[in-house]
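From first to last, the protein sequence lines stand for chains A and X.
If you want our numbering, it's the 1-based position in the first sequence plus 178.
If you want our numbering, it's the 1-based position in the second sequence plus 62.
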Amino acid sequence: MKMPPGTGRQEAEALAHDVPADRYDRVVRLAQAIFGAPIAALNLIGNDSQFTVASVGIPTGEMPVEDSVCRVTVLQDEILEVRDLREDDRFSYIPAVAGPPRVRFYAGFPVRGQSGRNVGALCILDFVPRTLGRQQREMLADLGALLERELAVQEEMELAGQVQQLMLPTSAPDIAGVEVAGRVQPAREAGGDYFDWFAVEPPDGGAKRLEVVLGDVMGKGLAAALIASEVRAVLRGHSRYTDVSDAVARTSTTTHHDLEANNRFSTLWVAQLYPSTGVIDYVDAGHGLAIIASQRGYRRLYQEYVPLGAPLEDDWVKATDVLAPDELLIIVSDGVFDVFDDSFEAAEAKLHAILDPTLTCRQIVDRIVDFAVSHAATDDVTALAVRRVAPSPQPAAAAA
Amino acid sequence: MSFEETDQGTYVVLTPEGKFNLVSAPLFTARVDDLVAADKARLVVDLHAVDFIDSSGLGALIGGLKKARGNDGDLRVAAAGSQVLAVLKLTNLDRILSPYPTVEEARHDW
């Protein structure tokens, strides 16, 4: 199929701003070697700039789109070959042609994004006029197609990450008397960590509760993210109709096949909080990283159950605690704990940084996640903070 | 990660080194699959040289254990360092994969 001319400038901008390190370098190096050209590059054509995202012979970076040759290549569906840029009125004024390094020869092949529109070009440049043979033109097109596939992977992963972010709660739960905030920072575009919160209204007309969840599916990336969204959905479904013990046990039964078949397990920490009394019913399925903290100290909300998907079916009977009005419930993922070398003593030494009562829950989770990321966390990093507040018509909440 | 392997006749000792994570776990899993397929389903994983394990590493150990037990064998871990023990304890997976202090103790009835 012949693609319509026109460029995906917006798409190129998005791609250029989130280029994974080294992803495109190999193909560009190959192009440089095959053509024996001093310069080879993958350039993305954005709204006002050309972004060189991988290159040999010139630095990567940004330049005004007017000074680009690839801006013309993206308007067509075939190779643009210019034997001598100095002889071509469209390009002779370009600083790199008119002045040093006085580039003469250009050949570029347009590269499409997921939308089907061209987002950039793979190009080779030389300081002497040249002409490509038929086979060389085919080779350049083949290398361009390779890059297209790499770009498609990047875009797919980013989309998956966006879908996952959109599955996180963003608004305050429909329940008075609580403040809650959470944040996930996946190690890759998507990941196995997630958090959730929602109001649960018991069918028997009992008091409304806030359910909070932190789940961590083993592994990273898209595969872990797929399983995480299943666990999330199943737990949400079961939670509406029953207490935390039952909800977790039923989630285990429902997801068992899929976890087993994929050789994965999921830790879960699930609680229901009664805002008026502070009573917390919780189940800890191999997570182990929930605490209640205040200036008076901290205690772990921890049980000895295994994660879902382990070769052992627990009964996940809930335990109960009470969250005092001045206390904070914090749940983190092991990506945070790893930064403390998996030591509660090391983590405790940092607790004071989040126990300032003037901090909002939002600021607290930001501090935790930023701290972990700045200390070279290699895993997904997640934090969730909950506390009771004087009931008001609009309880505060935030998520990212 | 690289790992040593010693066939002791009635059991095999695998000795992974360094980080046992997303990168190294597939290598380990593939090797366990091969061994179990060759009827060598009694495995001791000597963890003394592993300085860091993450959930992918744990997953590989649990996956190996399931595979071994499914073939009338077992997978046992020995000589784990403090980080590995902390993670096993945290996730309560030590209830399934109980750590032995030494390879000798892990293989006591083999």
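Ideal Cβ placement from N, Cα and C applies to all residues, glycine included.
Please read all numbers here as calculations on a predicted model, not as lab measurements.
- Residue state for Phe443 (chain A) is assigned as coil, using DSSP reduced to three classes.
- Boundaries around Ala524 (chain A) are those of the alpha helix (DSSP H), Phe522 to Glu526, since no beta strand (DSSP E) includes it.
- With a threshold of 8 Å between beta carbons, Leu137 (chain X) makes no contact with chain A.
- When A:Phe518, A:Arg204 and A:Leu507 are compared, the shortest CA-CA separation from Arg566 (chain A) is found for A:Leu507.
- Rounded to the nearest angstrom, the gap between the Cα atoms of Val495 (chain A) and Val457 (chain A) is 16 Å.
- Separation of the CB atoms of Ala468 (chain A) and Asp516 (chain A) is rounded to 16 Å, and the pair is thereby denied contact status at 8 Å.
- At a beta-carbon threshold of 7 Å, the residues of chain A lying near Lys128 (chain X) are Pro489, ordered along the chain.
- Taking all protein chains in view, the Cβ of Gly286 (chain A) is crowded by 16 or more other Cβ atoms within 10 Å, so the residue is classified as buried.
- When only Cα atoms are considered, Ser349 (chain A) and Ser407 (chain A) end up about 19 Å apart.
- Residue environment: Lys528 (chain A) is assigned as exposed (fewer than 16 neighbouring CB atoms within 10 Å of its CB, all protein chains considered).
- The Cβ atoms of Tyr452 (chain A) and Asn154 (chain X) do not sit closer than 8 Å to each other.
- Less than 8 Å separates the beta-carbon of Val378 (chain A) from that of Arg387 (chain A).
- Taking 3 residues as the minimum length, the beta strand (DSSP E) runs contained wholly in the segment 105 to 140 of chain X are 112 to 115 and 136 to 140, in order along the chain.
- Within the same chain, Cβ atoms closer than 6 Å to the Cβ of Leu105 (chain X) are found at Val74, Ala130 and Leu137, the five residues on either side in sequence being excluded.
- It is roughly 11 Å from the alpha-carbon of Leu84 (chain X) to the alpha-carbon of Ala402 (chain A).
- In the DSSP assignment, Met335 (chain A) falls within the unbroken alpha helix (DSSP H) covering Arg312 to Leu344.
- The distance from the Cβ of Phe229 (chain A) to that of Ala192 (chain A) is about 11 Å, inconsistent with a contact at the 8 Å cut-off.
- Taking the beta carbon of Gly239 (chain A) as reference, no residue of chain X falls within 9 Å; the closest one sits roughly 31 Å away.
- By the criterion of a C-beta distance shorter than 6 Å, Pro288 (chain A) is surrounded in its chain by Thr251, Val252, Asn296 and Ala299, once the five residues flanking it on both sides are discounted.
- Neighbours of Asn441 (chain A) in chain X, taken as residues whose beta carbon is under 7 Å from its own, are Gly121 and Gly125 in chain order.
- With contacts defined as CB atoms closer than 8 Å, Gly121 (chain X) and Arg442 (chain A) qualify as a contacting pair.
- Residues of the segment 146 to 158 of chain X with a C-beta atom less than 7 Å from some C-beta of chain A are Ala148, Val149, Leu152, Thr153, Asn154, Leu155, Arg157 and Ile158, listed in chain order.
- For Glu408 (chain A), the uninterrupted alpha helix (DSSP H) segment begins and ends at Gly399 to Ser417.
- Closer than 7 Å at the C-beta level to chain A, one finds these residues of the segment 79 to 91 of chain X: Leu84.
- The DSSP-derived three-state label of Pro273 (chain A) is helix.
- Distance between Asp544 (chain A) and Arg478 (chain A), taken at the CA atoms: about 21 Å.
- Leu89 (chain X) carries a helical assignment under DSSP once its states are collapsed to helix, strand and coil.
- Counting the other Cβ atoms within 10 Å of the Cβ of His416 (chain A) gives 16 or more, which makes it buried.
- Taking the Cα positions, Ala550 (chain A) is about 7 Å away from Val559 (chain A).
- Within the segment 462 to 480 of chain A, the residues whose Cβ lies closer than 8 Å to any Cβ of chain X are, in chain order, Gly464, His465, Gly466 and Leu467.
- Three or more beta-carbon pairs drawn from the segment 205 to 219 of chain A and the segment 231 to 239 of chain A are found closer than 8 Å, and the two stretches are therefore classed as touching.
- Counted as a single uninterrupted DSSP element, the alpha helix (DSSP H) harbouring Arg249 (chain A) occupies residues Cys248 to Thr251.
- Distance from the CA atom of Arg290 (chain A) to the CA atom of Leu310 (chain A), rounded to whole angstroms, is 22 Å.
- Contact annotation: in the segment 396 to 407 of chain A, residues whose CB is within less than 7 Å of a CB in chain X are Met396, Gly397 and Lys398.
- For the set A:Val448, A:Leu344 and A:Arg410, the Cα lying nearest the Cα of Thr432 (chain A) is the one of A:Arg410.
- Look at Ser160 (chain X): its C-beta is not under 8 Å from any C-beta on chain A.
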